[in-house]
Amino acid sequence: MGIKLNRSTGPKLKRLKRGREELSRQESRNVGNIFSDEEQAEDQNQRDDYAEDYDDRSRYRRDMYDDMGDFIADEDDEDDLNEVLGERAEARGYDDERRGRRKANMDMMSILPEGMSEDVLVDMYDIFGDGREYEWALYNDEEEEAEREREPQLADIFEPSELAERMMTEQDEEIRLRDVPERLQMRYEGTNKSFEQATNEEVQEEALWIAQAMVNARGMLQPDEQFISAIAYVVGFLTREFLEVPHIKDHRRDFFTEINKDTGISKEILTEKDLWEIYDWDFKYHGFVERRQALRDFLEKTQITDEYVDTILSRAERVEEITDLTEYVNLNFSERINAIQQHNRGPKRPTTKSLYQSSKDSDIHNLLPKFGVTARQFGTNYMESTRQYFPEDSPLDPIAEAHLYIDNVFTDEHKVLKAARSILAQELAYDPQVRRAMRRDWEAYGTVTVRPTEKGYTVIDDLHPMKPFKYLSDKPRDAFKDGQFLQILKGEADGLLNVTISIQDYPSWLGRMCEFYLSDGFSDSVQQWNEQRKEVLNLALQEYLLPLMKKHVREKLRMEAQESVCHAAFTSLYNKINVGPFRGPESQFKSAVPRVVTVTAGNGTHKDPVVAVFVNQRGKVLDQIEVPNLKDEKDWKQLSEFIKSKKANVLGIAGYNAEIRKVIKHMQTMLSEINQSNEQSGLSKMDMVIVDDETARLYKSSRRAQQEFPEHTETMRYCISLARRLQNPVMEYASLGRDLLAIHHHDLQHLIPEDTLLFYLERALISVINDLGVDINAAVQSPYLASALQYVCGFGPRKAQSILKKIEATGELESRTALVLRKLTPANTFMNCASYLRIRDVDGADILDDTRIHPQDYELARKMAADALEIDEDEMDDYDSKVAVVTRVIKEYPDKLNDLILDDYAVVLRKQYNAPKRQILEHIKLELQGPYHDRRNRYARPTMEEQFVMVTGETRQQLSEGFIIPAMVVACRGKVANCVLDSGLEGIIYVNNVSDERVMNVSDVLKVGQTINCKVLRIDRDKFMIELSCKPSDTKPGSDLHLRRLPEDTYYDHTAEAKDKEQQKANRRKQSKSKRVIKHPLFRPFNHMEAEEYLSSRQRGDLVIRPSSHGYDHIAITWKVDDGIYQHIDVLEVKNNNDIHAPPKLKIGNQMFEDLDELIVTYVEAVARKVEEIMAHPKYVPGGSRALNEHLTALTQANPKVSAYGFCQSEKAGYFDLGFKISAKGPPMRWVVKVLPDGYRLRNVSYPQVDDLINGFKRIQMAEARKRRA
């Protein structure tokens, strides 16, 4: 069924009714009838899970088209607009309304009194109206009654966005009804694709185009005939039969497989990967053809006939070449294009001429041949890499020749030559052959150079992901094999990198270009003309061609990197989903889906209960249990009995974080007890595995999970998803829809547009699901299973939704042929999907309906079965007997099929069907011997490494021996300290790894709650335990760089890096003072002289904090001691290696400070107070040492028997001189006193007060006097 939303002209415009508003509505069927048996639609509310957002994905597909038509002007736009407006007016009854009003006005004029003018009538209308405002009340409006009785429409119920989300728009219905696979339709969304069957000529042309593109991409020269023929068959299947890749792979294999006649071994000419590549190239080809046809239509419309244009167009092989030719046409035929567009009244080009056109229309065009070969001739030389055309040397030099063309516009020889060079440069740059040849060179020899920006130099350190390519020099384009260029572009976008696209050995390449354009003559005149030609080439390159080539190489590298990441993501997902159900070591490969019990404790905290869920082999949740914890014996026993009673094949465990490791240990012990009991009872052992929970994390809180299990908690839904992951991995991923993007598939997937990435991820699901098949009747009953149907060959979300609704409405599908007999699918869709829809557990069903054999080959299968049992065709005269024979072969005698000589069969069938059938026969044989045999990889138990990552989330790139990591101390127990990592993983530090010095207990060094840097000594991945060391000798900063650093690119330029480092060091030395900024109100970006000048007008004791010249780990504090005296204090920043979060401490001499405020208060201000104290003392003499000496001399001369002493400022700021004179005849002497925060130091002895200092000085003098007397 479907939704049929018919457009109509709508009801005629009616009068405006007071008190209510009438909305014109389209004539479409009512909501109550949209699901009738004659329609093709579905109940969207019951099938939201199938509503994939294909609209978003269409952007990626439209991008691949490089839309044509920007240069094509529509003809008769004004006429078309008038026609459209006329149709709309007529459709809505505007003309009838207007005619009616005109007639009423004329009638009114006929009855007006004589002498009343029309102006008066207009005023009357303005004031009183026309008398029709209440006319509606005089009539019974039948239309109005019908409108009220009309059933509500879809557009009345849903917003347009909701209709699109529910896939209920007219476009969605067209996609459902069109007998073309939905995915084939959706990739052309937004284009004018008609889906007409291709002709033989079109198929052959496309096959040649794709074959050449594929061999070019693989670095080969020419495709062979066998390769082209195989591609032609595949192209025919895609464009004439509208078959999808899975069907072609399984049922058309004979057309791209060859058999060695001698050995009988078959060899694939095209692999499945090649088929998908052809599928992608087919899309690109149609984009190319559309562009080419658009250009042809444009040439025809503008009446441009040019042999060169026609030749280039016929040889064009790429979209870029169509673009080149388009620009060439616009440059050389602009006047004709403008004239045609003006004639057709379409969009007009500016009437002002370009400099190129103005110059070319002048006499200068007669000068152009003097330059030598034309652009077309140069293009031929360059394209063929041979000199077919040579310039003819002019007898006059360029200046003399240019003098002949001076006029009012070009008033001197230089202007003439400049105009000529400009014309020639544009002609060279726009010539299609020149561009094609240059694009060939740049694709083959293009290079990439990367340098960091000023910001990037600092940001990209040794551990930054962009470090491997921080300095690249001339890395060849073909050396980019992965997604690295996407990272480079990201670095450029973030302002971290500068990227330069160039070509290998540019001077030599330019020299080869010149060979095709310059003359070989040696005369002065020829050399002057050659200089002019070089300028033409340089202008063409710099202004036009080089920017174009750089942009082209950049885009090509981006697309190649994007495809590389997408293919890697496809492979990653494919390897995850192409895995069968869990099978223990004792299980047979064909054993049934396991019965599963899954256990989790969520976040693993003491508040989180332990939850277990039991899921049977059909994926049904039969029972669940929840216990508070496993420490209580009662809870332990309860959970143990639950697990034991379910007789499951496997116990799966996972959790939200590393805390689940505790539950794992408990379950290992519990399972050991259960298996011992089972062994005594003769029951098989239960296995235990850790399950990858990446799908379960998304499922547990999703809307789909809430709808499917509304009564279960998130933790239980998490367990259910874990169990399903063990039973059928592909289904867990298929049901995610766009949430597939939330799973990690590749490290660079965040650099890929989401719709592009989803396109490749869905391809992995398509490959595996079609290989596995879908039980169509089970899918009708289970939304969980139904989520896979959209990936079946020929379907998509809309068609899958449609067929599910039809089967639900009409009853169980009894056979594949019923798809056609009951008109559930049209022919092409049936051909695509039939062999992938399995009919199971249906009474009387044909056993072939549960095989990969296509219904079109059923008769072959029955014939092979009969021949294997040596039964004549006469004995198989009815359907039941044919079914019985096949059933007997499959169940009882599959090995007899090996006796059949399939080669002889194939010869006969080739004559009968005029098509190869050898591979089909082999396919039928294998299916009869093992219907829908599981081709997926057998389940492999996760390795210890994989289990460790599942539980902790720590990969080897994040955690390895030798790494220095932060850890928080959670317990100190004598000789051992317990730590926890950010991931929740436990670490242990033994006492001998706590310090380089001998300690008795770990608590002597470590404190609970402290975060410290530790070195990883050993990782026990089996027990989820890490041995750590926090010894300073083990945790030196940067000691693990060699382990963490990513490997450098082969083209890494160490010379350029070293040069930049030296430059940066020089810059730092020059600018370190001004660059250092400290967040403190007293900070000023001064040097020492600026600081002194700043403090000169301030009070004693004032200070500034400023950058230090000693390096980044130093700070300078300048404070004013006295007028003209300033002390500069050097402060060293000391980082704490054991605590990465702690701010650096400050050190002056041997004193340590926590921060600047503490340093200022307890050191600088304290010193300033001590200075004030000594300067306020009576013994202080201002004026320096000279003034003090004079003061002491005066005192001793006045009283010769008395010694004198005093203080003055020392020449060294922060120090004082203690001057003294023992006698009048003795010389003045000085001892230095250092001011300390807590006193004064004289001769290595500290004194707290000035008086103490004086007393100490006196004691020293007395002691020395005694020595002299002795």
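At position 233 of the sequence shown the residue is numbered 233 (the numbering used here), and the sequence of numbers has no breaks. Every residue, glycine too, gets a C-beta built ideally from N, C-alpha and C. Please read all numbers here as calculations on a predicted model, not as lab measurements.
Take the alpha-carbon of methionine 864 and the one of leucine 751: they are about 53 Å apart.
In this structure, the CA atom of alanine 1066 is about 11 Å from the CA atom of lysine 1059.
Alanine 734 is not a Cβ neighbour of arginine 717, given a cutoff of 8 Å.
In this structure tyrosine 517 is not in contact with leucine 541, their Cβ atoms being roughly 11 Å apart against a cut-off of 8 Å.
The alpha-carbon separation between isoleucine 269 and glutamate 1057 amounts to approximately 48 Å.
In this structure, DSSP gives isoleucine 743 a state outside helix and strand, which the three-state scheme calls coil. For secondary structure counted as the alpha helix (DSSP H) over 4 or more consecutive residues, the segment 302-338 holds these complete runs in sequence order: 307-315, 319-332.
In the DSSP assignment, asparagine 978 falls within the unbroken beta strand (DSSP E) covering 976-980.
CA-CA distance, serine 1003 to histidine 666, rounds to 31 Å. In the structure shown, threonine 669 falls within a helical segment according to DSSP collapsed to helix, strand and coil. It is roughly 21 Å from the alpha-carbon of valine 245 to the alpha-carbon of leucine 926. Methionine 670 sits buried, since 16 or more C-beta atoms from the chains shown fall within 10 Å of its C-beta. A direct Cα-to-Cα measurement between valine 663 and glycine 584 gives close to 22 Å.
With fewer than 16 other CB atoms across the displayed protein chains lying within 10 angstroms of its CB, phenylalanine 195 is exposed. For valine 450, the closest alpha carbon among the candidates Tyr1052, His606, Glu1158 is that of Tyr1052.
Residue nearest to glutamine 1197 within the set Ile1222, Arg1068, Ile460 is Ile1222 (criterion: CA-CA distance). With respect to the 8 Å criterion, glutamate 277 and methionine 214 are classified as neighbours on the basis of their beta carbons. Close CB contacts of methionine 688 within its chain, under the 8 Å cut and outside five residues either way in sequence, are with Val650, Leu651, Gly652, Ile653, Met667, Gln668, Leu671 (chain order).
Taking lysine 467 as the centre and dropping the five residues before and after it, the same chain places the C-beta of Ile460, Asp461, Arg1045, Leu1046, Glu1048 closer than 8 Å to its C-beta, in chain order. Glutamine 484 and threonine 695 have their alpha carbons spaced roughly 28 Å apart.
Residue pairing by DSSP places histidine 1128 opposite Thr1118 in a beta bridge. Fully contained in the segment 388-446 are the following alpha helix (DSSP H) runs of length 4 or more, in chain order: 398-403, 413-430, 432-445.
Taking 8 Å as the cut-off, the beta carbon of histidine 1088 is found closer than this to the beta carbon of histidine 1128. In the same chain as aspartate 482, and ignoring 5 residues on each side of it, the C-beta atoms closer than 6 Å to its own belong to Ser564, in chain order.
Apart from sequence neighbours up to five positions away, the residues of its chain that approach valine 180 with a beta-carbon distance below 7 Å are Phe195, Phe242, Asn828, ordered along the chain. With contacts defined by Cβ atoms closer than 8 Å, arginine 725 and glutamate 732 form a contacting pair. For valine 597, the secondary structure class from DSSP, reduced to helix, strand or coil, is strand.
Each of Val615, Leu736, Glu535 was checked against the Cα of proline 398, and the nearest Cα belongs to Glu535. Between serine 473 and the set Pro1178, His1054, Val1250, Asn1189, the nearest pair of CA atoms involves His1054. Nearest to serine 681 by C-alpha distance, out of Lys647, Val691, Ser702, is Lys647.
Distance from arginine 703 to methionine 167 at the Cβ level is roughly 17 Å; contact not present, criterion being Cβ atoms closer than 8 Å. Contact holds between the segment 835-850 and the segment 764-776, because three or more Cβ pairs, one in each stretch, are under 8 Å apart.
In terms of Cα proximity to aspartate 1022, the closest of Ser1039, Lys1007, Leu981, Glu946 is Glu946. In the displayed model, lysine 1036 falls within coil according to three-state DSSP, outside both helix and strand.
In its chain, beyond the 5 residues on either side, Val613, Phe614, Phe642, Lys646 have a beta carbon closer than 8 Å to the beta carbon of aspartate 623. DSSP places phenylalanine 195 in the coil class of the three-state scheme, outside both helix and strand.
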